[in-house]
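Engineer: Pasting a structure here, questions to come.
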Amino acid sequence: PEGPLISFNGALYGTTAHGGADNLGTVFSVTTSGEEHVLHSFRYRNDGAHPSGGVIMLDGELYGTTYDGGVYGFGSVFAVSSSGKEHVVYSFEYGNDGAAPGAPLTAVGGNLYGATPDGGGTGYGGTVFEVTPSGMEKVLHRFSASLIDGQVPDTALLYKSGKFYGTTLLGGKHGDGTVFVVTKSGAKERLLHSFAGVPDGRYPTGGLAAIGNVF
């Protein structure tokens, strides 16, 4: 199991990156008394494989990402009902739209937002994307994999006051990763900080939390 759990109607929901009927991962529920149930086992094509970001709840359905599988083999955004009915919302194509999403999604205003650590077509440094529940996808930002941008965003996005905040594993001024902000419309992206190794750290792999205006 990878990714955070969520609580809904007295049960906990999450994902496993492997295992299940075809060893390609599952969406599962567990009661607080320990009763576990597999809602869906992934089967790769037209489905998805290896979910690692957990699930979120939006309008009574569970949504998540797989970093493999889907129609084109480059990952998917999927939906699963609490009864176990699954469908792929969007399949990534690796080109301009991104590839291999592995981080949790963020729901804002009825739509889903996330990051892909690969693809994007501009140096293949990854993307920040928006997907509607009906399957319309829009790239808010394509990372250029240059020193003036980040590279490999692979954590959940934090939404605050019309903007998304996140981290990239690599890139930035020193190549050691960044903290970035992207507007909800995708009109502007900028780096808030470029990590330099010593003394401030490198390669951020976790998501952000906000306390006031400090992250």
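Just so you know, we're using our numbering here: the sequence shown kicks off at 1070 and counts up by one. Note that CB positions come from ideal geometry on N, CA and C, so glycine has one too.
How about the stretch 1204 to 1212 and the stretch 1189 to 1196: do they share at least three Cβ pairs that are nearer than 8 Å?
Structural biologist: Yes, since at least three Cβ pairs between the stretch 1204 to 1212 and the stretch 1189 to 1196 fall closer than 8 Å, the two stretches touch.
Engineer: Hey, residue 1189 and residue 1161: beta-carbon distance below 8 Å or not?
Structural biologist: No, Cβ-Cβ distance for residue 1189 and residue 1161 is not below 8 Å.
Engineer: Take the Cβ of residue 1095 as the centre, count every other Cβ of all protein chains shown within 10 Å, and call the residue buried at 16 or more, exposed below.
Structural biologist: Answer is buried; the Cβ neighbour count reaches 16.
Engineer: In three-state DSSP terms, what is residue 1280?
Structural biologist: Three-state result, residue 1280: strand.
Engineer: Any idea if residue 1125 is buried or exposed, counting beta-carbon neighbours within 10 angstroms, 16 or more meaning buried?
Structural biologist: It counts as buried.
Engineer: In whole angstroms, what is the alpha-carbon distance linking residue 1181 and residue 1114?
Structural biologist: Near 22 Å, if we compare the C-alpha coordinates of residue 1114 and residue 1181.
Engineer: Alpha carbon to alpha carbon, what distance is there between residue 1135 and residue 1235?
Structural biologist: Taking the straight line joining both Cα atoms gives about 19 Å.
Engineer: Out of 1176, 1152 and 1144, point me to the one whose CA is closest to residue 1164's CA.
Structural biologist: Taking only the C-alpha atoms, the option nearest residue 1164 is 1144.
Engineer: Considering only C-alpha positions, which residue in the set 1157, 1237, 1109 and 1085 is nearest to residue 1119?
Structural biologist: Answer by Cα proximity: 1085.
Engineer: Residue 1097 lies in the beta strand (DSSP E); which residues open and close that run?
Structural biologist: Note, residue 1097: beta strand (DSSP E), 1095 to 1100.
Engineer: Would you tell me roughly how many angstroms separate the C-alpha atoms of residue 1155 and residue 1142, rounded to the nearest one?
Structural biologist: Between residue 1155 and residue 1142, the C-alpha separation is close to 17 Å.
Engineer: For residue 1279, is the classification buried or exposed, using 16 other Cβ atoms within 10 angstroms of its Cβ as the cut-off for buried?
Structural biologist: The residue is exposed, with fewer than 16 neighbouring Cβ atoms inside 10 Å.
Engineer: Around the Cβ of residue 1263, are there at least 16 other Cβ atoms within 10 angstroms (buried) or fewer (exposed)?
Structural biologist: The residue is buried, with at least 16 neighbouring Cβ atoms inside 10 Å.
Engineer: Classify residue 1172 as buried or exposed, calling it buried when 16 or more other Cβ atoms lie within 10 Å of its own Cβ.
Structural biologist: Buried.
Engineer: In whole angstroms, give me the CA-to-CA distance for residue 1133 and residue 1079.
Structural biologist: Looking at the two C-alpha atoms, the distance is approximately 20 Å.
Engineer: Helix, strand or coil for residue 1118, going by three-state DSSP, please let me know.
Structural biologist: Reduced to three states, the DSSP call for residue 1118 is strand.
Engineer: Check whether the Cβ atoms of residue 1281 and residue 1225 sit closer than 8 Å, and answer yes or no.
Structural biologist: Contact flag unset, no.
Engineer: Only counting the same chain, and skipping five residues up and downstream in sequence, which positions put a Cβ closer than 6 Å to that of residue 1100?
Structural biologist: Same-chain partners within the cutoff: 1080.
Engineer: Give the C-beta separation of residue 1216 and residue 1241 to the nearest angstrom, bearing in mind that I take them to be a contact with Cβ-Cβ under 8 Å.
Structural biologist: That belief holds up - the Cβ atoms of residue 1216 and residue 1241 are roughly 7 Å apart, short of 8 Å.
Engineer: Roughly how many angstroms separate the alpha carbons of residue 1167 and residue 1072, rounded to a whole number?
Structural biologist: Answer to the nearest angstrom: the Cα atoms are 20 Å apart.
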